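**Q** Quick note: the sequence shown uses the numbering used here, first residue 725, plus one each step.
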Amino acid sequence: MPITNHPIPEVILSTAAKIPQLGYGTLAVQPDRESTERNAAITAEIVSQALDAGYRHIDTAQAYGTEQGVGRAIAESGIPRDEIYVTSKLANANHSPDDVKRSFEQTLENLGLEQLDLFLIHWPLPTLYGGDYVSTWKTVTGFVADGRLASAGVSNFQPAHLERIIAETGVVPAVNQFEIHPYFNNDAPRETCQRHGIAVEAHSPLGHNSAPLSDPTIAAIAAAHDKTVAQVILRWHMQHGIIAIPKSARPERMAENLDIFDFALTDDELGAIDRLDHGPDGRVGPDPDTYEGV
Ligand SMILES: NC(=O)c1ccc[n+]([C@@H]2O[C@H](COP(=O)([O-])OP(=O)(O)OC[C@H]3O[C@@H](n4cnc5c(N)ncnc54)[C@H](OP(=O)(O)O)[C@@H]3O)[C@@H](O)[C@H]2O)c1
């Protein structure tokens, strides 16, 4: 039985699909990113704990090496397929159209799924592949057309990248997943997403275990609600309409991060957290305009 007694709200995407607004991230649940049997067993155990806690939205990626473990946990859970929302992402090495197709088939096989709920281009890579993320996007949208994918989206796309794929293909991503937390509000892509009806999903929603978790302003708000700093940060995401996918390998924190639907932040509290934004200095992950990593 899920530990939480409060249902997780759903966000309705432009594809009419419903995505649980709070999900579970699987980056670094393994000691490394290799697709080994040992890693699959580790991830399967941790994702099973997340499903037991009540998560019904799991975020994985080709690059994390966690797809097999996620697939195993889903298969062993006995939870009906249509009650679990699964996202994966295209690895940076796989942007060429043939590699997009081959690796998407591998993703479905790793996850043991016939249809994936959401597939994202992980990074735009404007400085690689001749800057041609448009062909990559066209190939990903083809999986929706052939029925193997419910919703196609992107990750770490800046306003210019979003405008370009929309202008050149006429297909608007259902989701953009990018870094957002109280020290990095990342307003520019949020504004572009809102204008085009693209759902905003926060990665590193807690700041990737960095400064926001020890911020004194958030700590004071948390104390006033008898909640933790992490819970207040996640509640801030929810009240801004942002989908968030916190990662924790610890069952007690998995439950803590879900237990955010029995209180509400006031407008003043939301504003106080908004004002903690450090602008570009608050970014903890790579800059999507220049990132060329895995
Ligand atoms: N699209 C992209 O490029 C991209 C980039 C980064 C992340 N992501 C996705 O977003 C997910 C989340 O991001 P993230 O893993 O970078 O960072 P995050 O969720 O912001 O923070 C995770 C860190 O916070 C700790 N933590 C979790 N809950 C806590 C709590 N209640 N109290 C105190 N500490 C807590 C975790 O440690 P413990 O595990 O020890 O609890 C871990 O070190 C990833 O797993 C991945 O699925 C995507």
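From the three backbone atoms N, C-alpha and C, an ideal C-beta is built for every residue, glycine too.
Values in this document were obtained by computation on a predicted structure and should not be read as measured data.
1) Whose C-alpha, out of Ser879, Ile890, Pro936 and Ser938, is nearest the C-alpha of Arg919?
2) Rounded to whole angstroms, what's the CA-CA distance from Thr790 to Ala764? Just pull it up for me.
3) Measure the beta-carbon distance from Phe908 to Arg1007 and round it to whole angstroms, keeping in mind my assumption that it falls under 8 Å.
4) Near Lys825, which residues of its chain fall below 7 Å by C-beta distance, leaving aside the five closest residues on each side in sequence?
5) Would you identify the three-state DSSP class for Pro744, choosing helix, strand or coil?
6) So, helix, strand or coil for Asn900, using DSSP?
7) Under a three-way DSSP split, which group does Pro733 fall into?
8) Drop a sphere of 10 angstroms on the beta-carbon of Thr860, count the other beta-carbons inside from all chains shown, and report buried for 16 or more, exposed for fewer.
9) Alpha carbon to alpha carbon, how far is Ala912 from Pro883? Give it in angstroms, no decimals.
10) Tell me which residues share the same chain as Thr941 and place their Cβ nearer than 8 Å to its Cβ, disregarding the 5 neighbours each side in the sequence.
11) Tell me which same chain residues have a C-beta within less than 8 Å of the C-beta of Leu852, skipping the five on either side of it?
12) Hey, Ile743 and Asp806: beta-carbon distance below 9 Å or not?
13) Is the beta carbon of Pro733 closer than 9 Å to that of Phe985?
14) When we look at the beta-carbon of Thr1014 and count the other beta-carbons within 10 Å, is it buried (16 or more) or exposed?
15) Cutting at 7 Å between CB atoms, please list the residues of its own chain near Leu737, excluding the five before and the five after it.
16) If I measure Cβ to Cβ from Gly836 and keep anything under 6 Å in the same chain, skipping five residues before and after, which residues do I get?
17) Which of the three DSSP states, helix, strand or coil, is assigned to Gly1017?
18) Tell me whether Glu976 sits in a helix, a strand or coil according to DSSP, three-state version.
19) Measuring only the C-alpha atoms, how far is Val1018 from Gly855?
20) Mind listing, in chain order, the continuous beta strand (DSSP E) runs of no fewer than 3 residues lying wholly within the stretch 802-877?
**A** Taking the coordinates as given:
1) As a working mapping, residue 919 is identified with position 195 in the sequence shown. Taking only the C-alpha atoms, the option nearest Arg919 is Ile890.
2) For the purposes of this step, residue 790 is taken as residue 66 along the sequence shown, with counting starting at 1. For the purposes of this step, residue 764 is taken as residue 40 along the sequence shown, with counting starting at 1. Take the alpha-carbon of Thr790 and the one of Ala764: they are about 7 Å apart.
3) On the sequence shown, position 184 is the one that residue 908 refers to. On the sequence shown, position 283 is the one that residue 1007 refers to. Contact holds; Cβ gap of about 5 Å.
4) For the purposes of this step, residue 825 is taken as the residue at position 101 of the sequence shown. Excluding positions up to five away in sequence, the list reads Thr863.
5) In the sequence shown, residue 744 corresponds to position 20, counting from 1. If DSSP states are grouped into helix, strand and coil, Pro744 belongs with the strands.
6) Walking along the sequence shown from the start, residue 900 turns up at place 176. Reduced to three states, the DSSP call for Asn900 is strand.
7) Position 9 of the sequence shown, counting from 1, holds the residue named residue 733. If DSSP states are grouped into helix, strand and coil, Pro733 belongs with coil.
8) Numbered from its first residue, the sequence shown carries residue 860 at position 136. Buried, since its Cβ has 16 or more Cβ neighbours within 10 Å.
9) Residue 883 sits at position 159 when you count from the first residue of the sequence shown. Residue 912 sits at position 188 when you count from the first residue of the sequence shown. One C-alpha to the other measures close to 7 Å.
10) The count along the sequence shown starts at 1 and reaches residue 941 at position 217. Correct list, in chain order: Ala996, Ile997 and Leu1000.
11) As a position in the sequence shown, residue 852 is number 128, starting the count at 1. Around Leu852: Asn816, His819 and Glu1016.
12) Reading the sequence shown from its first residue, position 19 is the one you call residue 743. Reading the sequence shown from its first residue, position 82 is the one you call residue 806. In this structure, Asp806 does not lie closer than 9 Å to Ile743 by Cβ.
13) Within the sequence shown, numbered from 1, the residue matching residue 985 stands at position 261. Within the sequence shown, numbered from 1, the residue matching residue 733 stands at position 9. Yes; because the gap between Cβ atoms is below 9 Å, this pair is in contact.
14) As a first step, residue 1014 is located in the sequence shown; it is residue number 290 there, counting from the start. Classification for Thr1014: exposed.
15) The residue you call residue 737 lines up with position 13 of the sequence shown. If we look at Leu737 and ignore the five residues flanking it on each side, its Cβ neighbours are Ile743, Ser875, Ala898, Val899 and Ala923.
16) Numbered from 1 along the sequence shown, position 112 holds the residue referred to as residue 836. Once the five neighbours on either side are set aside, the close Cβ partners of Gly836 are Gly795 and Ala799.
17) Locating residue 1017 in the sequence shown gives position 293, counting from the first residue. Residue state, collapsed to three classes: coil.
18) In the sequence shown, the residue the question calls residue 976 occupies position 252. Residue state, collapsed to three classes: helix.
19) As a position in the sequence shown, residue 1018 is number 294, starting the count at 1. As a position in the sequence shown, residue 855 is number 131, starting the count at 1. Rounded to whole angstroms, the gap between the alpha carbons of Val1018 and Gly855 is 16 Å.
20) 809-814 and 840-845
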